[in-house]
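Participant:
There are 2 protein chains.
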Amino acid sequence: MKTFTLTILGTTSAVPTSKRYTSAHILNVCEHYYLFDCGEATQIRIRQEKIPLSKVHHIFISHLHGDHFFGLFGLLSSFQLHRIVTDVYIYAHRPLKNIINTVLPYDEGNVNLHFVELNVDSYEQIYEDKHVKIFSFPLKHRIPVSAFVVKQKEELLKLRKEKIVEFGLSIKEMIDLKNGNDYVDSAGNVIPNDVFTYPPAKLKSYAYITDTIYDESIIPYIYNVDVLYHEATFTSKHANHATLSGHSTAQQAATIAQKANVGKLIIGHFSSRYNDRSIFLDEATQIFSNTILAEEGLKITF
Amino acid sequence: MKTFTLTILGTTSAVPTSKRYTSAHILNVCEHYYLFDCGEATQIRIRQEKIPLSKVHHIFISHLHGDHFFGLFGLLSSFQLHRIVTDVYIYAHRPLKNIINTVLPYDEGNVNLHFVELNVDSYEQIYEDKHVKIFSFPLKHRIPVSAFVVKQKEELLKLRKEKIVEFGLSIKEMIDLKNGNDYVDSAGNVIPNDVFTYPPAKLKSYAYITDTIYDESIIPYIYNVDVLYHEATFTSKHANHATLSGHSTAQQAATIAQKANVGKLIIGHFSSRYNDRSIFLDEATQIFSNTILAEEGLKITF
Numbered sequence: 629m630k631t632f633t634l635t636i637l638g639t640t641s642a643v644p645t646s647k648r649y650t651s652a653h654i655l656n657v658c659e660h661y662y663l664f665d666c667g668e669a670t671q672i673r674i675r676q677e678k679i680p681l682s683k684v685h686h687i688f689i690s691h692l693h694g695d696h697f698f699g700l701f702g703l704l705s706s707f708q709l710h711r712i713v714t715d716v717y718i719y720a721h722r723p724l725k726n727i728i729n730t731v732l733p734y735d736e737g738n739v740n741l742h743f744v745e746l747n748v749d750s751y752e753q754i755y756e757d758k759h760v761k762i763f764s765f766p767l768k769h770r771i772p773v774s775a776f777v778v779k780q781k782e783e784l785l786k787l788r789k790e791k792i793v794e795f796g797l798s799i800k801e802m803i804d805l806k807n808g809n810d811y812v813d814s815a816g817n818v819i820p821n822d823v824f825t826y827p828p829a830k831l832k833s834y835a836y837i838t839d840t841i842y843d844e845s846i847i848p849y850i851y852n853v854d855v856l857y858h859e860a861t862f863t864s865k866h867a868n869h870a871t872l873s874g875h876s877t878a879q880q881a882a883t884i885a886q887k888a889n890v891g892k893l894i895i896g897h898f899s900s901r902y903n904d905r906s907i908f909l910d911e912a913t914q915i916f917s918n919t920i921l922a923e924e925g926l927k928i929t930f
Numbered sequence: 629m630k631t632f633t634l635t636i637l638g639t640t641s642a643v644p645t646s647k648r649y650t651s652a653h654i655l656n657v658c659e660h661y662y663l664f665d666c667g668e669a670t671q672i673r674i675r676q677e678k679i680p681l682s683k684v685h686h687i688f689i690s691h692l693h694g695d696h697f698f699g700l701f702g703l704l705s706s707f708q709l710h711r712i713v714t715d716v717y718i719y720a721h722r723p724l725k726n727i728i729n730t731v732l733p734y735d736e737g738n739v740n741l742h743f744v745e746l747n748v749d750s751y752e753q754i755y756e757d758k759h760v761k762i763f764s765f766p767l768k769h770r771i772p773v774s775a776f777v778v779k780q781k782e783e784l785l786k787l788r789k790e791k792i793v794e795f796g797l798s799i800k801e802m803i804d805l806k807n808g809n810d811y812v813d814s815a816g817n818v819i820p821n822d823v824f825t826y827p828p829a830k831l832k833s834y835a836y837i838t839d840t841i842y843d844e845s846i847i848p849y850i851y852n853v854d855v856l857y858h859e860a861t862f863t864s865k866h867a868n869h870a871t872l873s874g875h876s877t878a879q880q881a882a883t884i885a886q887k888a889n890v891g892k893l894i895i896g897h898f899s900s901r902y903n904d905r906s907i908f909l910d911e912a913t914q915i916f917s918n919t920i921l922a923e924e925g926l927k928i929t930f
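Those protein sequence lines, which keep their order, are chains S and B. Quick note on numbering: the numbering used here labels position 168 of the first sequence as 796, and the sequence is numbered without any gaps. Quick note on numbering: the numbering used here labels position 59 of the second sequence as 687, and the sequence is numbered without any gaps.
Here is the structure:
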């Protein structure tokens with residue numbers, strides 16, 4: 629089974645505390661790492677979680693509030709100073725490019741920084757490699773925000789090993805079978821593909837949704853994902869304030885999860901006004917039972 | 629005795645590790661806090677050390693390499709979001725003003741940010757309040773760098789309490805005596821001031837010197853300070869590299885301390901290439917015995 633593990637690096641909104649960090653999630657797909665948001669001290673959190681910094685090449689920034697990108701400067705600077713990463717791709721909204729160029733001109737080093745400007749208006753594929761495709765679409769907040777959805781790519785069919793010997797399959801025949809073609813033997817008999825193959829594991833998917841008001845229009849884009857991270861900055865007691873400030877409550881996050889038929893919901897981006905986070909979980913699980921609270925260092929293997 | 633306590637928040641150069649943070653020192657003088665440099669995650673370190681963030685109004689940035697200022701964005705943003713600080717003064721080199729304005733335009737809040745541009749060429753007083761004067765002067769590094777020296781201000785003489793009753797001193801007479809004037813009784817007799825007073829405690833002083841090559845020209849500015857913090861990025865094994873990169877060795881820091889006749893030397897800003905920091909101490913103490921290593925969380929009361 630291929631690795632598909634999410635590690636949560638920070639869970640608070642707005643400001644960190646002595647123990648809590650601002651937004652950053654990192655997804656490991658077959659030892660390729662995708663970083664979603666980069667709050668202050670993200671590079672320190674990556675080191676603390678023993679994730680190899682040298683494998684972080686793709687950084688997706690949801691929006692330009694500081695609790696989602698202030699860690700980028702230190703991270704990029706470390707890449708430059710350590711010369712451990714040669715190409716870094718940043719997927720973000722346009723103003724970030726100028727911000728990075730303004731903050732980092734003093735730094736020496738030879739990292740190639742590739743800035744990919746996100747479309748703030750519509751759903752689009754923004755990334756693809758051997759393992760995943762990543763999509764973005766807009767959320768509704770006080771400033772432009774992009775959500776991200778990671779979808780594992782369609783894999784080849786798996787060969788039944790005993791059939792390789794039994795039929796003396798050639799390399800070309802094996803490739804044809806893995807691609808779904810039927811087998812034709814030397815006498816011209818067609819043998820159905822499924823005699824030789826079985827389906828690959830279910831394709832995995834993960835959605836990163838922060839910051840946003842309650843917005844049902846996002847449901848088609850996250851329908852059926854295995855793991856949905858949806859911000860829940862407030863409890864229902866502060867539902868009005870949530871809407872006014874462009875955020876969601878735990879109940880609202882759970883309602884989206886339930887309507888989008890996701891496998892599991894993670895809620896986070898909690899306001900620091902709440903000392904006791906259990907109320908978020910109580911409120912969410914009343915609507916969507918398979919909900920968990922984001923925690924610094926929480927690892928979820930899909 | 630008045631509080632004069634230094635807390636070291638970060639000790640590494642260039643890049644943080646899972647346990648070590650980049651440069652930041654905070655000096656508490658009578659519950660007024662002065663922050664020297666602000667590496668990434670400084671606001672988190674301040675909270676961890678249980679220092680009241682709301683009392684940090686004056687921030688002195690030595691130079692614009694990221695390990696000395698990347699924590700400023702998060703700190704200023706928290707001031708704005710929490711509305712706990714109304715006026716913040718930043719003493720730094722000119723380009724930082726534009727950097728801050730570029731990074732922070734999205735942030736809401738109503739902090740008054742006062743930017744004080746440091747003179748990069750000469751010694752000057754940059755700050756004064758009831759308790760201290762602070763001076764800056766240039767260091768020699770790859771880019772402009774300012775050193776900072778904090779000097780406790782001359783205090784009034786202390787009154788001998790028993791004399792207040794014995795002579796039935798008025799408020800005006802007490803103020804005159806504390807300012808050093810002699811006492812004249814109702815018969816016109818002059819009684820010397822020192823019958824009534826004793827000298828205040830020795831004035832304290834602290835110098836913050838980072839980043840710099842070995843440079844004896846700074847000695848007059850730090851002569852006799854109680855505590856000298858001097859960078860020691862490398863050990864003598866890498867002395868050539870120290871000079872080439874604009875840094876000092878532990879031996880060089882100790883030589884400056886010895887020649888400047890300081891009370892105590894703290895060395896820090898260690899390169900992360902050294903796992904064992906004891907060699908820095910060994911090398912420095914051979915030249916200046918009252919040397920200590922900077923440590924995250926180290927508190928020194930003068």
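By construction, the Cβ of each residue, glycine as well, lies at the ideal position given by its N, Cα and C atoms. Quantities reported herein were computed from a predicted structural model and do not represent experimental measurements.
Classify B:Gly-896 as helix, strand or coil using the three-state DSSP reduction.
Facilitator: In this structure, B:Gly-896 counts as strand in the three-state DSSP scheme.
Participant: Is there at least one Cβ from chain S nearer than 8 Å to B:Pro-644's Cβ?
Facilitator: Yes, contact with chain S.
Participant: Tell me, please, whether the CB atom of S:Val-818 is closer than 8 Å to any CB atom in chain B?
Facilitator: By this cut-off, S:Val-818 is not an interface position.
Participant: Might you give, ordered along the chain, the residues of its own chain that have their beta carbon closer than 8 Å to the beta carbon of S:Ser-864, omitting 5 neighbours on each side?
Facilitator: Correct list, in chain order: Thr-877, Ala-878, Gln-879, Glu-911.
Participant: So, is the C-beta of B:Phe-765 closer than 8 Å to a C-beta in chain S?
Facilitator: Chain S, which has no Cβ nearer than 8 Å to the Cβ of B:Phe-765, makes this no.
Participant: Report yes if the C-beta distance between B:Phe-743 and B:Ile-754 is below 8 Å; otherwise report no.
Facilitator: Not in contact: B:Phe-743 and B:Ile-754 (Cβ atoms no closer than 8 Å).
Participant: Chain B partners of S:His-769, CB-CB under 7 Å?
Facilitator: Those within 7 Å of S:His-769 in chain B number zero; the least Cβ separation is about 11 Å.
Participant: S:Lys-927: buried (16+ other C-beta within 10 angstroms of its C-beta) or exposed?
Facilitator: Flag for S:Lys-927 reads exposed.
Participant: With burial defined as no fewer than 16 other Cβ atoms inside 10 Å of the residue's Cβ, what is the status of B:Gly-575: buried or exposed?
Facilitator: Outside the shown range of chain B (629 to 930) lies residue 575 of chain B, about which nothing can therefore be said.
Participant: Between the C-alpha atoms of B:Val-778 and S:Pro-723, what's the straight-line distance to the nearest angstrom?
Facilitator: Cα to Cα, the separation comes out at about 39 Å.
Participant: Relative to the C-alpha of B:Asn-747, which candidate in B:Arg-770, B:Val-760, B:Ser-774, B:Ile-920 has its C-alpha closest?
Facilitator: Looking at the Cα atoms, B:Ser-774 is the closest of the given residues.
Participant: Going along chain S in order, which residues have a C-beta closer than 7 Å to the C-beta of B:Val-731?
Facilitator: Under the 7 Å cutoff, chain S gives Ile-727, Val-731.
Participant: Quick one: is S:Glu-859 buried, meaning 16 or more other Cβ sit within 10 Å of its Cβ, or exposed?
Facilitator: Counting Cβ neighbours within 10 Å, S:Glu-859 comes out buried, since at least 16 surround it.
Participant: Inspect the beta-carbon positions of S:Val-855 and S:Tyr-834 and report whether they are closer than 8 Å.
Facilitator: In contact: S:Val-855 and S:Tyr-834 (Cβ atoms closer than 8 Å).
Participant: Counting only C-beta atoms, is B:Val-862 closer than 8 Å to chain S at any point?
Facilitator: Reading off the sequence shown, one finds Phe at residue 862 of chain B, where the question assumed Val. No, no contact with chain S.
Participant: Taking only beta carbons into account, state which residues of the region 691 to 714 of chain S come closer than 8 Å to chain B, listed in chain order.
Facilitator: Within the region 691 to 714 of chain S, the residues whose Cβ lies closer than 8 Å to some Cβ of chain B are Leu-692, His-693, Gly-694, Asp-695, Phe-698, Gly-699, Phe-701, Gly-702, Ser-705, Ser-706, Leu-709, His-710, listed in chain order.
Participant: Pairs of beta-carbons, one from the region 837 to 844 of chain S and one from the region 687 to 707 of chain S, closer than 8 Å: are there three or more?
Facilitator: Cβ pair count under 8 Å is three or more, so yes.
Participant: If you follow the beta strand (DSSP E) that B:Thr-919 is in, where does it begin and where does it stop?
Facilitator: Residues 919 to 921.
Participant: Take B:Gln-671 and list the residues in its own chain whose beta-carbon comes closer than 8 Å to its own, dropping the five residues that flank it on each side.
Facilitator: Once the five neighbours on either side are set aside, the close Cβ partners of B:Gln-671 are Leu-681, Gly-699, Gly-702, Leu-703, Ser-706.
Participant: Against B:Glu-668, what residues of chain S qualify as contacts under a CB-to-CB distance less than 8 Å, listed in chain order?
Facilitator: Chain S residues near B:Glu-668: Glu-668, Ala-669, Gln-671, Ile-672, Gly-699, Phe-701, Gly-702.
Participant: Given that B:Arg-675 touches chain S, what residues does it touch there, using C-beta distances under 7 Å?
Facilitator: Near B:Arg-675 (Cβ distances below 7 Å), the residues of chain S are Thr-645, Ser-646.
Participant: According to DSSP, simplified to helix, strand and coil, what is S:Phe-824?
Facilitator: In the structure shown, S:Phe-824 sits in coil (DSSP, three-state: anything other than H, G, I, E or B).
Participant: Could you check the C-alpha separation between S:Phe-664 and S:Asp-822 for me, to the nearest Å?
Facilitator: Near 39 Å, if we compare the C-alpha coordinates of S:Asp-822 and S:Phe-664.
Participant: Three or more C-beta pairs under 8 Å: does that hold for the region 649 to 666 of chain S against the region 756 to 771 of chain S?
Facilitator: Output reads yes: the region 756 to 771 of chain S touches the region 649 to 666 of chain S.
Participant: Using the three-state DSSP reduction, which class does B:Asn-656 fall into: helix, strand or coil?
Facilitator: Correct three-state label for B:Asn-656: strand.
Participant: If we count the other Cβ atoms within 10 Å of its Cβ and call it buried at 16 or more, is B:Ile-636 buried or exposed?
Facilitator: Buried, because 16 or more other Cβ atoms sit within 10 Å of the Cβ of B:Ile-636.
Participant: May I ask which residues mark the beginning and end of the alpha helix (DSSP H) holding B:Asp-715?
Facilitator: Unbroken run through B:Asp-715 is the beta strand (DSSP E), 715 to 720; no alpha helix (DSSP H).
Participant: Judging by CA-CA distance, which residue of B:Arg-648, B:Pro-820, B:Pro-848 is the nearest neighbour of B:Pro-607?
Facilitator: A query on residue 607 of chain B cannot be resolved here, the shown segment of chain B reaching from 629 to 930 and no further.
Participant: I'd like to check one pair, S:Pro-828 with S:Lys-786: are the Cβ atoms closer than 8 Å?
Facilitator: Yes.
Participant: Report the three-state DSSP secondary structure of S:Glu-752 (helix, strand or coil).
Facilitator: Strand, per DSSP.
Participant: Could you tell me the boundaries of the alpha helix (DSSP H) in which B:Tyr-842 lies?
Facilitator: It is not in any alpha helix (DSSP H) - B:Tyr-842 carries neither H nor E in the DSSP assignment.
Participant: Counting contacts by CB-CB distance shorter than 8 Å, is B:Phe-697 in contact with chain C?
Facilitator: Structure shown: chain C not included; protein chains present are S and B.
Participant: Since B:Val-716 and B:His-696 are thought to touch, with beta carbons under 8 Å apart, how far apart are those beta carbons, to the nearest angstrom?
Facilitator: Their Cβ separation, rounded to whole angstroms, is 17 Å, which puts B:Val-716 and B:His-696 out of contact at 8 Å.
Participant: With the cut-off set at 8 Å, would you say S:Ala-922 and S:Ile-894 are in Cβ contact?
Facilitator: Yes; because the gap between Cβ atoms is below 8 Å, this pair is in contact.
Participant: Quick check: the Cα distance between S:Glu-844 and S:Thr-631, rounded to an integer number of angstroms?
Facilitator: If I take the Cα positions, the gap works out to 31 Å.
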